[in-house]
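Notes follow the structure.
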Amino acid sequence: TAHHLEYLDQVIGKREGVHTYACMNGLLLPGRQVFLLDTHVNYDPTAEQLAEITAMAAEEMMRFGIKPKAALLSHSNFGSSNHPSALKMRRTLELLREQSPWLEVDGEMHGDMALDADARAAIMPNSTLMGEANLLVLPNIDAANIAYNLLKTAAGGNIAIGPVLLGANKPMHILTATATVRRIVNMTALTVADANAAR
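Take the sequence shown: its letters are residues 2 to 200, numbered as in our numbering.
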């Protein structure tokens, strides 16, 4: 994906004010919708990049009519580790609270805490994230891509969305080699809707 983006960047470029492309994937599961990033572009994004792409992903979710609730995921749970990857997610939270105060977000936290509000309340009763998270922000491309593909396979025949390209100056999205006919139709419809909205 990153290789293809070099050509797309030359032809279309980034949206004004955007520094980083990213990809978000979504799953419509029974009783919940979950979006993950960055699944395809940034191998080891910085805190600054994660803050930017999280805000872009949240804005895209709002265009879908979904209120974003972001969880910054880590092996660390609300300060239980000072490993560099945990510190990166902690710094991402600081940046998001400064730059995107409109976004409901918390972290860094374990994956189960993101999806289990009761467990999260027991560990962190003053969490700023209410209910289940629906935007899961992972620390690197390995974690995001693996988590998405595991969830997609375990979910069976549920609807997969994406990868949704974030940050481009014009509506465009990416299809993977494993895209089904339904996903191609869905992504075509999404691209057309984005193009109409941009007019």
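Cβ atoms here follow ideal geometry from the backbone N, Cα and C, with glycine treated the same way.
With a threshold of 16 other beta carbon atoms within 10 Å, ALA144 meets it and is buried. Per the DSSP secondary-structure output, GLU105 pairs in a beta bridge with LYS70. With fewer than 16 other beta carbons inside 10 angstroms of its own, ASN159 counts as exposed. Within the segment 30–89, the runs of beta strand (DSSP E) that reach at least 3 residues and sit entirely inside it are, in chain order, 33–38, 70–74. Within 10 angstroms of the beta-carbon of THR55 lie 16 or more other beta-carbons, which makes it buried. The way I'd put it, the segment 3–17 doesn't touch the segment 100–111; fewer than three beta-carbon pairs between them come closer than 8 Å.
At a Cβ-Cβ threshold of 7 Å, ALA196 and PRO172 count as neighbours. Under DSSP, no beta-bridge partner is assigned to MET125. Taking C-beta atoms as the reference points, ALA72 and GLY108 count as a pair closer than 7 Å.
Counting only residues of its own chain and dropping the five nearest sequence neighbours on each side, ALA52 has a CB closer than 8 Å to the CB of THR93, LEU96, LEU97, GLN100, SER101. With a threshold of 16 other beta carbon atoms within 10 Å, ASP119 falls short and is exposed. Counting other Cβ atoms within 10 Å of its Cβ, ILE147 stays below 16 and is therefore classed as exposed.
Counting C-beta atoms within 10 angstroms of its own C-beta, PRO46 has 16 or more neighbours from the protein chains shown and is therefore classed as buried. Around the beta carbon of VAL186, a 10 Å sphere encloses fewer than 16 other beta carbons of the protein chains shown; the residue is thus reported as exposed. DSSP, reduced to helix, strand and coil, places ILE147 within a helical segment of the structure shown. Sequence-distant partners of HIS20 (beyond 5 residues in either direction) whose C-beta falls short of 7 Å from its own C-beta, in its chain, are GLU53.
For the pair MET25 and LEU38, the CB atoms are nearer than the 7 Å cut-off. ALA115 is the residue among THR179, ALA190, THR40, ALA115 whose C-alpha sits nearest the C-alpha of LEU74.
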